[in-house]
Amino acid sequence: MLPEQHGAIVIPNNNFFAHRDGFRPRYVILHGSAGGRRAQDLAAYLASTEGTLNPVSCHYIIGQDGALVQCVSERDGAWSNGQLTRGHDNFWNTSINPNLLTIAIEHCKPSLDNSDALTEPQQLTSFVLVYSICQRWGIPMRKADAGGGITGHFSLDPINRRRCPGNYPWERLWTFLEDKKMLDLNDPVVRLFFTDGGHGTWRCKNGVILQGANLTFYRSHGGPSIFGLPLANEIHLPQYPNTAIVPCERALIAYDPERKIDSPPIHGPCYLLHIDSGLGQQLLLQRSNALIHTLSTKLTQIHSLSEI
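Per the UniProt record's numbering, residue 1 is the first one in the sequence shown, and the count goes up by one each step.
In structure tokens, the structure reads:
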């Protein structure tokens with residue numbers, strides 16, 4: 001078996017479901033080892049369980065020194081998660097063995113209750129590995145839900161594994177992944193339309209400035225390819241204090257952390273306004289009227305010139 005992650009040491013384990021019985025991985029599951037410090041030692045132990053009454057395995061192990069060991073190919077299902085138990089997150093499909101849908105990462109932790117924080121080398125290896133797996137398999141880089149994502153063993157087995165992976169820097173992971181998926185000014189498409197506006201802002205070729213949380217949302221969700229170009233600087237409406245709306249060619253981005261304008265079922269300070277009702281519809285209508293007025297004015301000017 002060749003390592004699928006750059007820098008991984010291969011210590012193979014034959015406890016796996018070959019080719020996942022036709023399924024594709026949709027989740028990354030994080031584990032804590034509840035004992036041990038070195039990835040190589042844990043990998044050797046897992047391999048020693050082959051042919052025993054309790055055979056176990058995982059895809060990857062990360063030692064406290066940051067060393068990475070791969071035991072099972074990502075194409076196969078490791079025997080790492082056991083079965084779903086009472087109280088598991090309700091997005092899991094109880095008719096499918098969860099090991100067929102997951103890629104498992106063990107983190108070596110000496111304490112039996114998994115209370116150890118990851119070391120800095122361990123954390124970096126973990127974050128990069130999670131990102132790489134998500135990229136290879138198209139796994140959503142977010143908290144797990146019915147559509148896939150990233151979570152811990154506790155999600156499947158809250159009875160026996162409620163402390164797995166234990167102390168893990170979840171917020172740092174989400175920040176790392178968010179930064180990874182955000183567009184930047186080096187992107188060739190972005191360079192066509194934007195330059196550095198200074199002080200953490202982007203200046204569009206039409207003079208509009210994107211900034212703050214609205215810029216982060218724009219960068220994180222596809223930028224010009226999804227929303228088109230911003231059409232005006234942030235709109236601040238007195239009836240909705242602490243909000244800011246950016247009209248784009250194909251969407252209206254709203255900074256509204258307190259949900260004063262709308263209540264969309266998504267997390268984060270920004271979201272897209274509906275354009276078929278409410279404020280979004282009003283702003284879209286105003287924009288349409290403004291465009292019609294501009295076009296009408298230009299046509300009148302052209303007609304006047306033709307009569308000269």
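Here a beta-carbon is modelled for each residue, glycine too, at the ideal position from N, C-alpha and C.
- Here Cys204 has Phe193, Phe194, Leu210, Leu229, Pro230 as same chain residues with Cβ atoms under 8 Å from its own Cβ, once five neighbours each way along the sequence are excluded.
- Between Leu252 and Leu237, the CB-CB gap reaches or exceeds 8 Å.
- DSSP places Tyr45 outside any beta strand (DSSP E); the residue lies instead in the alpha helix (DSSP H), whose first and last residues are 39-48.
- Val130 counts as buried, since no fewer than 16 other beta carbons sit within 10 angstroms of its beta carbon.
- Measuring C-alpha to C-alpha distances from Ile133 to each of Arg26, Asn81, Asp21, Phe176 identifies Arg26 as the nearest.
- Closest in C-alpha terms to Gly212, from the list Trp79, Arg259, Ala244, comes Ala244.
- At a Cβ-Cβ threshold of 8 Å, Pro121 and Gly35 do not count as neighbours.
- Contact annotation, Pro55 with Trp79: C-beta distance approximately 6 Å; criterion of less than 8 Å satisfied.
- Phe23 sits in coil when the DSSP states are folded into three classes, being neither helix nor strand.
- For Gln70, there is no enclosing alpha helix (DSSP H); the residue is part of the beta strand (DSSP E) that begins and ends at 68-70.
- With a cutoff of 8 Å on beta-carbon distance, His107 and Ser126 are scored as near each other.
- Between the segment 38-53 and the segment 167-184, the count of C-beta pairs closer than 8 Å stays below three; the two stretches do not touch.
- Ile139 counts as buried, since no fewer than 16 other beta carbons sit within 10 angstroms of its beta carbon.
- Boundaries cannot be given for Phe154, as no alpha helix (DSSP H) includes it and DSSP labels it neither H nor E.
- By the C-beta density criterion, Gly7 is exposed, having fewer than 16 other C-beta atoms within 10 angstroms.
- The three-state secondary structure of Leu118, taken from DSSP, is coil.
- In its chain, beyond the 5 residues on either side, Pro121 have a beta carbon closer than 7 Å to the beta carbon of Asp65.
- Between Cys164 and Gly223, the alpha-carbon positions lie close to 37 Å from each other.
- Comparing alpha-carbon positions, the option among His19, Ile96, Val10, Ser48 lying closest to Val69 turns out to be Val10.
- Listed as beta-bridge partners of Thr195 by DSSP are Arg203.
- Inter-residue distance for Pro241 and His267 is about 20 Å (C-alpha atoms, whole angstroms).
- Here Val56 carries a coil assignment [DSSP, helix/strand/coil].
- With a contact defined as Cβ atoms closer than 8 Å, Thr102 and Ile29 qualify at about 5 Å.
- By the neighbour-count criterion, in which a residue is buried when 16 or more other Cβ atoms sit within 10 angstroms of its Cβ, Gln123 is buried.
- Pro247: member of the beta strand (DSSP E) spanning 244-247, first to last residue.
- The alpha-carbon separation between Arg250 and Ala104 amounts to approximately 39 Å.
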